[in-house]
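>
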Amino acid sequence: MGQYLIGNETFTQDHPDLEAALARAYAAKTRPACLCHSEPGIPMYIAFVNGKYWLKRMPNSGRLHATGCLSWEMPEVFSGRSDLYGSGLTFEEDQVKLKRQFDLSRRGAPGPQPTSSATAEKTSVKSEGKKFTLRSLLHYLWAEAGLTQWDSSSRPRSWSYVYDVLSEAAANKAVKHGGLQDYLYVPPFWSIEKSGELQMNRPARFAAASNGDPKGAHKLLLLIGQLKDIKTQEGKDPTVQITHIPELSFLMEQKLHDRLMKHFGREWNLRTSAQTVKRNLIIAATFYLAPGGVPAIEEACLMCTTEHWFPIENIYEGNIIDDLVKTRRSFIRVLRYNRAKSAIMPTLLLTDHGSEPVAMYVLDPDNRTATSEDFEQAAKEAAGVENPKDGDSSDKGATNAPPREYWIWDLKTGSR
Ligand SMILES: [Zn+2]
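The C-terminal residue of the sequence shown carries number 502 in the working numbering, and the numbering is unbroken.
1. Judging by CA-CA distance, which residue of T329, R415, T98, Q361 is the nearest neighbour of I401?
2. Just to check my reading of the structure: V411 and L435 have Cβ atoms closer than 8 angstroms, yes? What is that Cβ distance to the nearest angstrom?
3. Just reading off the beta strand (DSSP E) that M389 is part of, what are its end residues?
4. Using 10 angstroms around the beta-carbon of E105, count the other beta-carbons present and answer buried if the total reaches 16, otherwise exposed.
5. Any heavy atom of ligand 1 inside 6 angstroms of the beta-carbon of S157?
6. Which one or two residues does DSSP pair with W236 in a beta bridge?
7. Apply the 10 Å Cβ neighbour rule to S278 and answer buried if 16 or more other Cβ atoms are within range, or exposed otherwise.
8. In the DSSP output, which residue or residues are listed as bridge partners for H304?
9. Got a sec? Which residues, its chain only, sit under 6 angstroms from A370 by beta carbon, not counting five neighbours each side?
10. Could you give the uninterrupted runs of the beta strand (DSSP E) lying entirely in the segment 288 to 373, keeping only those of 3 residues or more?
11. Classify R110 as helix, strand or coil using the three-state DSSP reduction.
12. Would you grab the beta carbon distance between L259 and L266 for me? Rounded to a whole angstrom, and I think it's under 8 angstroms.
13. Unbroken beta strand (DSSP E) runs of length 3 or more, entirely within the segment 237 to 262: which are they?
14. Does the structure place the segment 284 to 291 close enough to the segment 165 to 182 that three or more beta carbon pairs sit under 8 angstroms?
15. Y492 and A445: beta carbons closer than 7 angstroms?
16. Use the C-beta contact count for G137: other C-beta atoms within 10 angstroms, 16 or more gives buried, fewer gives exposed.
17. Could you have a look at E491 and say whether DSSP puts it in helix, strand or coil?
18. Do the segment 141 to 160 and the segment 115 to 130 make contact, defined as three or more Cβ pairs closer than 8 angstroms?
19. Identify every residue that forms a DSSP beta bridge with C122.
20. Quick test of your reading: I368 and T392, contact by CB under 8 angstroms. State the CB separation rounded to the nearest angstrom.
21. Taking DSSP's pairing of strands, which residues face M130 in a bridge?
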């Protein structure tokens, strides 16, 4: 469990006085430190978002932390995030700057734009993308919010938790024309008691995406929410229903709906086919206000998650993650960002097995381009296991860093 130095005192992450200590340190501008290695510790910072104090690692400092620490960031070789460094993702002190491929503004009348980026998801399935697509931004925020991490002290997570951590994760991120928070709309947890207040507050938030001047450009907002359903009806455009926004639906053009199902049908099926396990579907979508104040989606992507919000790409990953959560193991879910679905990546890194992470791969039967040999090779390279040269199989210990362990589950042969 994490230990932090705040002022002269040491706190564990579940210490009852941690919140009060963070409030005092925030007011006094004291920089806390993580003690995952030893004193004096690794500098952290305190953020104040949604009325709560958050202890956060400094941008780009994740690799200084110990493997089991919640602030640890996986080595670049495993993460799709590393493709975005330097172009899509740059750092300036406490600020993180994001460059996007998708639009956060639109011009003119409702309907598809001539340069509509609704097809931008096509580019997100290419590996060359150096800027954020909707999918890679969703992955990035998910990881920044800590929704990809689990350890023995983690508790069950509700949407209210997801709302808090996503809002916090967006706090120090900037896009071209301002803070990401100015664009992001994550629906707050809905309850019957709060429904009146939520319904009153929403128009002011959504107003930013209305088209005051039909000839001028205006903002799009970025919705990240739990998808409840998409209702389709013959002769009418589909409507998208979001959990925690029960009062209204979002419009989606039929063409966009068809493209969404073409690119994210797998995510849709994963949720619909789940019977004895709970699966959630997350939608990230840009939207504007069509005439009458009705929200209309401009571009969208889907992500399927487990009950505890870990993104999954197939039922086998879901089974493994459910099992690790149940047995209280520590792990980090690895995300693709802009990498192609065919690119070989570990499902997760186990972080409670020795001082180095263990990469766990699932050889997905849908992946027709990669063989089990390809997986073995990629896993070995990422793990830093030296590939013996021809006729020189005794050449061991030539690398300085000890090789990391890896684990491959080949679904075709059942071998692990
Ligand atoms: Zn640490």
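We put the beta carbon where it would ideally sit given N, CA and C, even for glycine. Treat the numbers as computed from the prediction; the structure is a model and nothing was measured.
According to the structure shown:
1. Checked all of T329, R415, T98, Q361; the closest Cα to I401 is Q361.
2. Their Cβ separation, rounded to whole angstroms, is 15 angstroms, which puts V411 and L435 out of contact at 8 angstroms.
3. 380 to 392
4. Exposed is the label assigned to E105, since fewer than 16 other Cβ atoms lie within 10 Å of its Cβ.
5. yes
6. F417, per the DSSP bridge assignment.
7. Reading the sequence as shown, one finds Ile at residue 278 and not Ser. Answer is exposed; the Cβ neighbour count stays below 16.
8. R192
9. The answer, listed in chain order, is L220, L224, I310, C387.
10. 303 to 305, 307 to 319, 322 to 328, 335 to 337
11. helix
12. Residue identity differs from the one stated: residue 259 is Lys in this sequence, not Leu. Rounded, the Cβ-Cβ distance is 4 angstroms, consistent with contact.
13. For the segment 237 to 262, whole beta strand (DSSP E) runs of length 3 or above, ordered along the chain, are 259 to 261.
14. no
15. yes
16. exposed
17. coil
18. yes
19. In the DSSP output, where bridge partners are listed per residue, C122 has none listed.
20. The beta carbons of I368 and T392 sit about 11 angstroms from each other, so the pair does not count as a contact at 8 angstroms.
21. R143
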